[in-house]
Structures are given as C-alpha cells and as structure tokens.
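Numbering (the working numbering), first residue to last: 2 to 138.
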C-alpha cells in the first residue's frame, strides 16, 4: 500500500465516524472547557474525544495500517492518538501541538492545550505516516 492510499483511507475512516465539522466541534467544545477551567466539563468531554480518535485508528483502520506494514500500539503522550511503528521507526500523531503540554502529565503548559482542527490533525498524522514510509525505502 502506498503512502497516498494510506492517507486517503485514514481520512475516509475518520469521516465514516464523523464529518469534519463534528470532529472540529468536539475539539472546540473541549478547548472551551479548558479555557473556562471547567474541570467537570473537561472530565466529561476529554475521555470520549480521545477515545474516538484512538478507536478509529486501532479498529476501523486496522486492516489499512496492517497492509501498510504499520504496527499500532497505545499512545505514550496523553494527547496522542496511537504509537505507530514500521521498520524500527516510531511516531505518534497528536491532537494538540506537542510543545503545549507536559508529556508526563498531559497538563497544559498554559491555560489549556490548543487542540488541532480535523484538517490539522490529519496533517500531523500525514507527517507521521510520511516518516514511516520514508523509513521503508
């Protein structure tokens, strides 16, 4: 499977679950909860938000990633989608900018993590997949 085919299936798999606007609304609502420091709302929204991204990657895209020779494991970063590994190279697409959270605790460095839009998350994911495919050459 080529990089472009994998990216297309990655996008389609996520859009089967929710359209881009719904993914963006989830990010926006969780971001607003962080901005308002509403711990109760954060605890209500954060787990299903993370789980949605992780479930699509682990289960919906399982065959696609297997066909590309990519192993999927649990994320290490609190805002990670999954740890993806191929040919000894690992990367982890994130749902926020990597430098905005403490990787140990997931706590925001500032008021709250700047969560990525659906398009930005897919760009982050594409960058990760590109590193893995480049390592296969």
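Glycine included, C-beta positions come from ideal geometry on N, C-alpha and C.
Between residue i and residue j, what straight-line distance do the alpha-carbon atoms span, to the nearest angstrom?
i	j	result
residue 10	residue 65	7 angstroms
residue 45	residue 5	36 angstroms
residue 28	residue 19	13 angstroms
residue 133	residue 120	20 angstroms
Take residue i and list the residues in its own chain whose beta-carbon comes closer than 6 angstroms to its own, dropping the five residues that flank it on each side.
i	result
residue 59	73
residue 50	27 and 31
residue 98	115
residue 24	119
Can you give me the Cβ contacts of residue i inside the same chain, cut-off strictly under 8 angstroms, excluding the 5 residues immediately before and after it?
i	result
residue 76	55, 82, 83, 84 and 93
residue 137	70, 87 and 88
Kindly indicate the opening and closing residues of the beta strand (DSSP E) around residue i.
i	result
residue 90	90-92
residue 85	84-87
Using DSSP with H/G/I as helix, E/B as strand and the rest coil, what is residue i?
i	result
residue 96	coil
residue 51	helix
residue 69	coil
residue 133	helix
residue 123	helix
residue 117	coil
I need the boundaries of the alpha helix (DSSP H) containing residue i, first residue and last residue.
i	result
residue 34	21-36
residue 13	4-18
Residues in the same chain with beta-carbon distance under 7 angstroms from residue i, minus the five sequence neighbours each way, listed in chain order, please.
i	result
residue 47	31
Notebook entry, point to check: Just checking, does the region 34-42 make contact with the region 68-88 on the three C-beta pairs under 8 angstroms criterion?
Noted result: no
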